[in-house]
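Report on the structure given below.
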Amino acid sequence: MNPANLPFDSEAMLQGLRGWVECESPTWDAGAVDRMLDIAARDMAIMGASIERIAGRQGFGGCVRARGPGIFDMKGGNYLTLEAIRQLARAAFTTPLPVTVLFTPDEEVGTPSTRDIIEAEAARNKYVLVPEPGRPNNGVVTGRYAIARFNLEATGKPSHAGATLSSGRSAIREMAHQIVAIDGMTTEDCTFSVGIVHGGQWVNCVATTCTGEALSMAKRQADLDRGVERMLALSGTANGVAFKVTRGVTRPVWEPDAGTMALYEKARGAAKQMGLELPHGSAGGGSDGNFTGAMGIPTLDGLGVRGADAHTLNEHIEVDSLAERGRLMAGLLATLE
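In terms of our numbering, the sequence shown has 123 at position 123, counting the first letter as 1, and numbering is strictly consecutive.
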């Protein structure tokens, strides 16, 4: 059987994907995530997969582990993976290796509650295929940068913002200074950004608390480690205002090794049979592939759909890539051994 001949239909896949996309599932809404997992579990069960539900932890939704033969980031990739397995099952094709599909609820916020589940599942398998969005050049991902998240907290002194302004110490003002300082730490080797800020309670009161979250990213682990030290060193008290930095979740650097490159060559060969080029490279932005790649398990990422504008109201996919990438995924599942 040639997986390239399987009857993938982008328009039909788009209609199936529509139900997934219309089920809004923001990470922090555990109930909504679980409703999305209900749909994924239903679709997998219809194909004959055995379904295991894993209860959510730390306030996140649950997980679905299915064993069997955002539209762009990354429901499209998840759905085409399901379609690849569906097509193989319809063709009565038995894959050389058992296949496990793991849906998790918290990848977008750093995988704080499911990293151990992912690593344990990966350790039981020979390869890891990650349907994160494909690269703009139709490429795939063979490595990812190291990432660290930080929690920021400024604590000041209250006062009336009109009558006794000078006696107060504004936590918001301190946070603003620190944001400028953090942004200014960015170099070509290590980037820093603050993406979330919350502060104040009443407009006529000098703010006593202000919190935020920051992100640092580096191509090399050593550069990120130095960046972490610089961030933690910002903690301290000055002019009556305390500023505290604590380290949040971290994704280790994933650098391509021989196993990952051998897996990539198999994918490149499958793509070539389909008449497609398949470039590769390392990428910024984290995925759960950081964990499995860092474990030394051959990992290939970016196998999902092509598209653009992830995390925006204009997020979209190239519809033709549904079938194209579905065939590639099916080809890998059918030949990896």
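Note that CB positions come from ideal geometry on N, CA and C, so glycine has one too.
Only a predicted model underlies this, so the values are computations on that prediction, with no experimental measurement involved.
* Count the other C-beta atoms from every protein chain shown that fall within 10 angstroms of the C-beta of G68, then say buried if there are 16 or more, exposed otherwise. => Legend: pLDDT at G68 = 46, less than 50; position of this residue unreliable, value from coordinates given subsequently. Buried is the call here.
* Asked: Do the stretch 316-335 and the stretch 152-172 make contact, defined as three or more Cβ pairs closer than 8 Å?
  -> no
* **Whole-angstrom distance between V245 and A233, CA atom to CA atom** => 8 Å
* Asked: For S113 versus L322, is the C-beta distance shorter than 7 Å?
  -> no
* Buried versus exposed call for A92 [16 or more other C-beta atoms within 10 Å across all chains shown] -> exposed
* Flag this pair as touching only if the stretch 204-213 and the stretch 262-275 have three or more C-beta atom pairs under 8 Å; answer yes or no. => no
* **Distance between beta carbons of L215 and G195, contact taken as under 8 Å** => 6 Å
* Asked: What number of angstroms, rounded off, separates the C-alpha of I39 from the C-alpha of A122?
  -> 24 Å
* **Completely contained beta strand (DSSP E) runs for the stretch 99-169, where each covers 3 or more residues** => 99-103, 140-144, 146-155
* For P338, which residues from the same chain have a beta carbon less than 8 Å from its beta carbon, with the 5 sequence-adjacent residues on both sides left out? -> Summary: the structure shown does not reach residue 338, with the chain confined to residues 1 through 337, and so no result is reported for it.
* Using 8 Å as the threshold, is the stretch 98-116 in touch with the stretch 28-38, meaning 3 or more CB pairs across them? -> yes
* From the DSSP output, which residues share a beta bridge with W254? -> R144
* Beta-carbon proximity check, L82 vs L336, cutoff 7 Å -> no
* To do: Measure the alpha-carbon distance for G259 versus A267 and round it to whole angstroms.
  => 13 Å
* Asked: Taking all protein chains shown into account, do 16 or more other C-beta atoms lie within 10 angstroms of the C-beta of S287, making it buried, or fewer, making it exposed?
  -> buried
* Asked: Is the beta carbon of V253 sitting closer than 7 Å to the one on Q221?
  -> yes
* Flag R268 as yes when its Cβ comes closer than 6 Å to any non-hydrogen atom of the ligand NAD, and as no otherwise. => The ligand NAD is not part of this structure, which contains no ligands at all.
* To do: Buried or exposed for Q58, please, with buried defined as at least 16 other CB atoms from any protein chain shown within 10 angstroms of its CB.
  => exposed
* Asked: Smallest Cα separation from H72: which of E22, A310, L14, R247?
  -> Rather than His, the amino acid found at residue 72 in this sequence is Phe. Comparing Cα-Cα distances from F72 to each of E22, A310, L14, R247, the minimum goes to A310.
* Taking all protein chains shown into account, decide if H160 is buried (16 or more other Cβ within 10 angstroms of its Cβ) or exposed. => exposed
* Asked: Would G162 be called buried (16 or more neighbouring beta carbons within 10 Å of its own) or exposed?
  -> exposed
* In chain order, which alpha helix (DSSP H) runs of at least 4 residues are fully inside the stretch 257-328? -> 258-273, 289-294
* Candidates S167, V130, T142: which alpha carbon is nearest N78's? -> V130
* My understanding is that K75 touches V21, with C-beta atoms under 8 Å, so please give their C-beta distance in whole angstroms. => 6 Å
* Collapsed DSSP secondary structure at T211 in the structure displayed -> strand
* Asked: Rounded to the nearest angstrom, how far is the Cβ of L263 from that of A148, given a contact under 8 Å?
  -> That pair is no contact at about 27 Å.
* Asked: So, helix, strand or coil for A84, using DSSP?
  -> helix
* What whole-angstrom Cβ distance do P26 and G304 have, given they're in contact under 8 Å? -> P26 to G304, Cβ: 19 Å. No contact.
* From the DSSP output, in three-state form, read off G77 for me. => helix
* Do T155 and A242 have their CB atoms nearer than 7 Å? -> yes
* Rounded distance between the beta-carbons of G302 and A283, thought under 8 Å -> 7 Å
* Between the Cα of W28 and the Cα atoms of V197, G227, I297, T111, which residue gives the shortest distance? -> T111
* Asked: How is the alpha helix (DSSP H) around E11 delimited, first residue to last?
  -> 10-22
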